[in-house]
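*Asks:* Under UniProt numbering, read the sequence shown as residues 1 to 345, first letter to last. Supplied in structure tokens, the structure appears directly below.
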Amino acid sequence: MTTIAGMNGTIRIALAPVIDRDGAWGGVWISGSPEDASLVSTHAELLSNDVGALRLLLDIGAMPDALVASLPPERTSVVVNADSANMSQSHTFSSVVVGQDFIPGVTSHRQMEDAKLAGSIWFSGPYIAHPPVVEGKKDSSRATLLKLLTLIADDADSAEIEMVFKREPELSFNLFRLVNSVSMGLKSKITTFNQAIMVLGRRQMQRWIQLMLYTRHQHGSDAPNPLLQQAAMRGRLMERFAGSLGWDAGKQEQAFMAGIFSLLDTLLGMTMNEILVIIKLPDDVQSALLGQGGDLSEMLMLVERLQAGDRSSSMPAFLSLSPEQFADCQFDALKWASGMGQEMG
1 MTTIAGMNGT
11 IRIALAPVID
21 RDGAWGGVWI
31 SGSPEDASLV
41 STHAELLSND
51 VGALRLLLDI
61 GAMPDALVAS
71 LPPERTSVVV
81 NADSANMSQS
91 HTFSSVVVGQ
101 DFIPGVTSHR
111 QMEDAKLAGS
121 IWFSGPYIAH
131 PPVVEGKKDS
141 SRATLLKLLT
151 LIADDADSAE
161 IEMVFKREPE
171 LSFNLFRLVN
181 SVSMGLKSKI
191 TTFNQAIMVL
201 GRRQMQRWIQ
211 LMLYTRHQHG
221 SDAPNPLLQQ
231 AAMRGRLMER
241 FAGSLGWDAG
251 KQEQAFMAGI
261 FSLLDTLLGM
271 TMNEILVIIK
281 LPDDVQSALL
291 GQGGDLSEML
301 MLVERLQAGD
311 RSSSMPAFLS
321 LSPEQFADCQ
331 FDALKWASGM
341 GQEMG
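Structure follows, in structure tokens:
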């Protein structure tokens with residue numbers, strides 16, 4: 001197995017999104033070994049304060065008392081096997097039983113629905129990490145967002161971008177809400193499209209539109225699209241990996257793009273080949289999305305496996321990160337994606 005900075009070659013800690021019975025992103029499955037509890041302890045404050053209401057499903061065996069004391073008991077659960085005689089630390093945290101309350105490794109919609117009927121609550125696995133494409137989900141508002149991304153990639157005039165916004169009242173509302181938000185820190189109110197486009201800037205607008213693709217509610221529900229947080233976490237994780245490897249800013253941005261766009265086929269009900277005819281992307285990003293090889297492609301495949309809760313895979317040879325760096329990237333991506341869900345969902 002390929003080593004990670006001279007270590008034992010295994011993926012020490014994996015953070016995988018967990019969805020609830022309603023299909024919403026409700027938690028995170030943190031899996032590892034007891035000797036890796038320190039990698040979780042380092043980020044205990046983040047887990048307590050920076051991931052919203054996500055439930056923490058800890059699957060790392062016995063934990064040191066300091067870690068137990070630092071996590072919120074009302075939303076922390078210990079993952080145990082059904083035949084476990086010792087519900088470890090259940091006096092502090094609730095337990096979720098694999099195969100009963102929690103179903104990891106979900107590979108199909110049928111498996112998930114059967115588990116729901118049996119009373120299961122939490123779900124993770126390949127099907128959750130990348131649901132299959134269902135055709136017929138085309139959405140004109142998303143087509144507009146794709147058009148905007150193409151205009152930005154082509155360095156189109158601001159007037160062209162402004163005209164697209166003017167045809168989409170809801171999108172325009174969201175643009176002005178963003179540029180006039182407290183987080184922008186502006187002293188005067190932005191009132192024109194040209195001002196909004198100038199203040200936001202092309203790079204930040206591109207990233208905002210990439211995330212907006214995932215914010216449409218589904219099936220008449222007011223619940224956020226769970227693909228938003230998954231795509232955001234995937235994009236941020238790839239960006240952090242790229243940064244930790246010393247890649248330049250352009251390559252880091254491409255890593256983010258590969259991650260954030262990797263669920264567009266599911267979202268839009270189109271194949272990646274069809275999507276890439278519509279939207280212009282750098283060659284390396286296209287190769288990654290089509291699984292055609294290269295460092296970005298290998299990184300994306302690794303991130304997809306992590307989101308499915310798979311720690312058994314070997315690491316790409318180029319991803320020479322220490323266990324601490326590898327964990328840091330994942331926890332930062334979790335924090336960032338959780339924040340995106342709260343702001344945009």
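Glycine included, each C-beta is placed from N, C-alpha and C at the ideal position.
Between the Cα of E304 and those of N81, I279, K147 and Q330, spot the shortest distance and give me the residue it belongs to.
*Replies:* The shortest C-alpha separation from E304 is found at Q330.
*Asks:* Applying the 10 Å Cβ sphere with the 16-neighbour rule, what's the burial state of V106?
*Replies:* Its Cβ being crowded by 16 or more others within 10 Å, V106 is buried.
*Asks:* Starting from S31 and walking both ways along the beta strand (DSSP E), at which residues does that stretch end?
*Replies:* W25 to S31 is the extent of the beta strand (DSSP E) around S31.
*Asks:* With H, G and I counted as helix, E and B as strand and the rest as coil, what does DSSP make of S297?
*Replies:* S297 falls in the helix class under three-state DSSP.
*Asks:* Going by beta-carbon coordinates alone, are A82 and Q100 separated by less than 8 angstroms?
*Replies:* Contact: yes.
*Asks:* Going by Cα to Cα distance, which pick from M163, L200 and D155 is closest to R177?
*Replies:* Closest by alpha carbon: L200.
*Asks:* For the beta strand (DSSP E) that contains D59, what are its first and last residues?
*Replies:* Its beta strand (DSSP E) spans residues R55 to D59.
*Asks:* Rounded to a whole number of angstroms, what is the C-alpha to C-alpha distance between F193 and S141?
*Replies:* Computed Cα separation, rounded: 18 angstroms.
*Asks:* Need the endpoints of the alpha helix (DSSP H) that V209 sits in, please.
*Replies:* Sequence check: residue 209 is Ile here, not Val. It spans R202 to M212 - the alpha helix (DSSP H) in which I209 sits, taken as one unbroken run.
*Asks:* Using three-state DSSP, classify F241 as helix, strand or coil.
*Replies:* Note: F241 maps to helix in three-state DSSP.
*Asks:* Using DSSP bridges, identify the partner residues of F102.
*Replies:* Bridge partners of F102: V98 and W122.
*Asks:* Taking buried to mean at least 16 other C-beta atoms within 10 Å of its own C-beta, is F246 buried or exposed?
*Replies:* A small fix is needed here, since residue 246 is Gly in this sequence, not Phe. Per the 10 Å Cβ criterion, exposed.
*Asks:* Suppose the cutoff is 6 angstroms on Cβ atoms and the five residues either side in sequence are ignored; what does the same chain contact list for S313 look like?
*Replies:* Once the five neighbours on either side are set aside, the close Cβ partners of S313 are R305.
*Asks:* Going by beta carbon distance, what residues of the same chain come within less than 6 angstroms of H63, once the five residues before and after it are set aside?
*Replies:* Reading off the sequence shown, one finds Met at residue 63, where the question assumed His. Taken in chain order, the residues that qualify are A37.
*Asks:* Taking a contact to mean a Cβ-Cβ separation below 8 angstroms, would you say L54 touches S338 in this structure?
*Replies:* Yes, they are a contact pair.
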